[in-house]
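And the structure:
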């Protein structure tokens, strides 16, 4: 009995020690390649597995940027499976009764968007989304009709943080009411330059969260319904560039730079987070896009402490990114992410 207990304890110790070694070396493998970490980074855990798709959705906390007050931000390393999409590959029409049946199949990003930048499908694209950006902001007009050419639409604002959390906002002007885009002159032909949209298409500038976060988004300018149909009636409407400030219930506000958007039309340049007492964190970004978005290059907190991020060339077979920050006594510390 004692021997069995000793063996059980020994096996448990070996298991915990193995997990400890994995946590310290920070190595994981995916379908897109290998990622290895070195440096001193925070303890982390896998957050969740999607019970519907079986996909792994977790992250490692690399570094916590802080300062005074309630302002802080984490740089993360997402751990995910290969990203696949439900792709609509066929439509069946039944005239009587008049219905459409859509057929879908799962495909990987490169199959869905051949010839386009492979954002969110390469290992660099997946991982850099946790420390290369702070959050994404998008305005999108969605068609709600059940038949082709139905012009009933609603426009909403979505903020997605780098940990995957999402806040959705709807306009205060109409309270997110579905409206006829064609009758108000909000329909755009994809083969023509977009015309100036009439005032009737405006959803205003103030949007409130619909998910219980009690947050408000104030845009720098009016956000419009704009619907784009293809020749055969397919919906070609995409996200619109949008900028402005998100105000949260605890007095923190997040400001996005105007006039910039990434490959998918999202604004990924959150320039400042500030609390009610004026404590803040400022973010600076690269002048051009990699992995489909402008990459975060420098973070400065209210104590004027700077954290810089240096990126390798993701077109190379092997490359590395570095997060550089000040340790005890001002000594330079690094976290290095190796890609293969």
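Numbering (our numbering), first residue to last: 1152 to 1491. Glycine included, C-beta positions come from ideal geometry on N, C-alpha and C.
Review point. Counting pairs of beta carbons, one from the stretch 1366 to 1374 and one from the stretch 1325 to 1343, are three or more of them closer than 8 angstroms?
Key: no
Practice item. Indicate whether residue 1416 and residue 1279 have their beta-carbon atoms separated by less than 8 angstroms. Key: no
Review point. Three-state secondary structure (DSSP) at residue 1294?
Key: strand
Check your understanding: Nearest-angstrom Cα distance between residue 1494 and residue 1352?
Key -> Outside the displayed range of the chain (1152 to 1491) lies residue 1494, so it cannot be described from this structure.
**Study point:** 8 angstroms CB neighbourhood of residue 1480 in its chain, flanking five on each side removed
**Key:** none
Exercise for review: Quick one: residues in its chain with C-beta nearer than 6 angstroms to the C-beta of residue 1520, no 5 flanking neighbours on either side, listed in chain order?
Suggested key: Not covered by the structure: residue 1520. The range shown for the chain is 1152 to 1491.
Point to revise | residue 1279, DSSP secondary structure in three states | key: helix
**Study point:** Neighbourhood of residue 1336 by C-beta, 6 angstroms cutoff - its chain only, sequence neighbours within 5 removed
**Key:** 1349
Point to revise | 6 angstroms CB neighbourhood of residue 1484 in its chain, flanking five on each side removed | key: 1476 and 1478
Check your understanding: Quick one: Cα of residue 1210 to Cα of residue 1376, how far?
Key -> 36 angstroms
Check your understanding: Cα separation between residue 1270 and residue 1445?
Key -> Confidence at residue 1270 is low in this model, with a pLDDT of 43, below 50, so the placement of that residue is unreliable and no value is reported for it.
Exercise for review: Kindly indicate which three-state DSSP category residue 1438 falls into: helix, strand or coil?
Suggested key: strand
Check your understanding: Which partner residues of residue 1373 appear in the DSSP bridge assignment?
Key -> None, per the DSSP bridge assignment.
Review point. What residues match up with residue 1229 in a beta bridge as DSSP calls it?
Key: 1210
Exercise for review: Report all residues from its chain with a CB closer than 7 angstroms to the CB of residue 1175; omit the five preceding and five following residues, and keep chain order.
Suggested key: Note that residue 1175 scores 37 on pLDDT, short of 50, meaning its location in the model is unreliable and no value can be drawn from it.
Point to revise | For residue 1435, the nearest candidate out of 1452, 1428, 1339 and 1429 (CA to CA) | key: 1452
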